[in-house]
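K.L.:
Residue numbers (UniProt numbering): 1 to 322.
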């Protein structure tokens, strides 16, 4: 559920289409209803409407009340769920708010850091105080501090996310990763994948993106992808479909002449599942196409029809292609 739409629903400012979207979300799970009731009560206690122009301020106040924040000497700590909310509601809240986790640039004053995480098997979306939109893959962390956007725009990423950066020529937007790779832009759209400490991948959808690694800086254009690992002294640059770079936003899996290994890697990244290949799977046809994400079941059916691959679930999060 989009956080901004949920705010509009609470404030009775949602459109008819948005109203129906929230109603479907409420009917999907009982926990969703409990979460909405809790947020509504918190809004009433604040005695102020959750207006769009005050989303960040209200968001911070809500997080302070709903989650226990433990800042300590400029170190980032996880935000722990309130005891009485319950695990299910907490995970749903995180999927609504998106998530944060920050790289610690040196600061002169003590700043509060916000840390969140998308659930293991759900994507999320968040809008930063500067208007930048981030679309998050499952099990992804990002973070920024309470001074974000005032003097600079910096955050840290662990996982995968697509960024639509609000243009600001005076404040570059910088994404740090644990792989010692950073991305700097003024206003553009790009995807960053950085789950392993020594590997990173950047895909550009629009604008120019500067990628810094091993004290080198590479400028990427739309339709380019840079990949970097610790085993290589240089990064590799190759063409990529622009719609592949923005697939998290469009919620569409993009395949471009993909073999069985590449299909398995895409499924693992998209759904956060473990995929193994049998020997016969490598004989399957290559696949080019777009699959709108309606769940892993429908995606597997489409791939099976197009390539001849079959699949078998070992458990809910492990499967084999053969």
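Each residue gets a CB set at the ideal place from its N, CA and C atoms; glycine is no exception.
When DSSP labels each residue in this structure, what does residue 156 get in the three-state scheme?
P.N.:
In the structure shown, residue 156 sits in a strand (DSSP, three-state: E or B).
K.L.:
Would you tell me roughly how many angstroms separate the C-alpha atoms of residue 277 and residue 229, rounded to the nearest one?
P.N.:
Their backbone Cα atoms lie some 24 angstroms apart in a straight line.
K.L.:
When DSSP builds the beta bridges, which residues end up paired with residue 331?
P.N.:
Residue 331 lies beyond the range of the chain shown here (1 to 322); nothing can be said about it.
K.L.:
For residue 201, list the residues DSSP reports as bridge partners.
P.N.:
Paired residue(s): 193, 227.
K.L.:
Where does residue 203 land, buried or exposed, given buried means 16+ other C-beta within 10 angstroms?
P.N.:
So residue 203 ends up on the buried side.
K.L.:
Can you say whether residue 288 is buried or exposed, counting buried as having 16 or more other CB atoms within 10 angstroms of its CB?
P.N.:
By the 10 Å Cβ count, residue 288 comes out exposed.
K.L.:
Quick one: what does DSSP say residue 131 is sitting in, helix, strand or coil?
P.N.:
Coil.
K.L.:
I'd like to check one pair, residue 211 with residue 220: are the Cβ atoms closer than 8 angstroms?
P.N.:
Yes, the pair counts as a contact, with Cβ atoms nearer than the cut-off.
K.L.:
Return the CA-CA distance between residue 227 and residue 26, expressed in angstroms with no decimal places.
P.N.:
Their Cα atoms are separated by approximately 40 angstroms.
K.L.:
Here's a check: name, in chain order, each residue in its chain whose Cβ is nearer than 7 angstroms to the Cβ of residue 299, leaving out the five neighbours to either side.
P.N.:
The answer, listed in chain order, is 253, 291, 293.
K.L.:
Please classify residue 261: does DSSP put it in a helix, a strand, or coil?
P.N.:
Reduced to three states, the DSSP call for residue 261 is helix.
K.L.:
Suppose contacts are defined by Cβ-Cβ distances below 8 angstroms. Is residue 192 in contact with residue 177 by that definition?
P.N.:
Yes.
K.L.:
Just list the beta strand (DSSP E) runs in the stretch 273-313, keeping only unbroken ones of 3 residues or longer that don't cross its boundaries, in chain order.
P.N.:
Counting only runs of 3 or more, we get 274-277, 287-292.
K.L.:
With DSSP as the reference, label residue 179 as helix, strand or coil.
P.N.:
Reduced to three states, the DSSP call for residue 179 is coil.
K.L.:
Is the beta carbon of residue 137 sitting closer than 8 angstroms to the one on residue 155?
P.N.:
Cβ atoms of residue 137 and residue 155: not closer than 8 angstroms.
K.L.:
Roughly how many angstroms lie between the CA atoms of residue 273 and residue 139, to the nearest whole one?
P.N.:
Going by the C-alpha atoms only, they are around 11 angstroms apart.
K.L.:
Roughly how many angstroms lie between the CA atoms of residue 241 and residue 152, to the nearest whole one?
P.N.:
If you take the alpha carbons of residue 241 and residue 152, they lie about 31 angstroms apart.
K.L.:
Could you pull out every residue in the same chain whose Cβ sits closer than 7 angstroms to the Cβ of residue 264, ignoring the five residues on either side in sequence?
P.N.:
Same-chain partners within the cutoff: 275, 277, 321.
K.L.:
From residue 225 to residue 147, what does the alpha carbon distance come to, in whole angstroms?
P.N.:
Going from the Cα of residue 225 to the Cα of residue 147 covers about 31 angstroms.
K.L.:
From what residue to what residue does the beta strand (DSSP E) around residue 218 run?
P.N.:
Note, residue 218: beta strand (DSSP E), 216-220.
K.L.:
From residue 63 to residue 116, what distance separates their C-alpha atoms?
P.N.:
At residue 63, the pLDDT of 41 sits below 50, so the modelled position is not reliable; the number obtained from the coordinates is stated separately. Taking the straight line joining both Cα atoms gives about 10 angstroms.
K.L.:
Is residue 17 buried or exposed, if buried means 16 or more other CB atoms sit within 10 Å of its CB?
P.N.:
Flag for residue 17 reads exposed.
K.L.:
Quick one: grab the DSSP three-state call for residue 266.
P.N.:
Correct three-state label for residue 266: helix.
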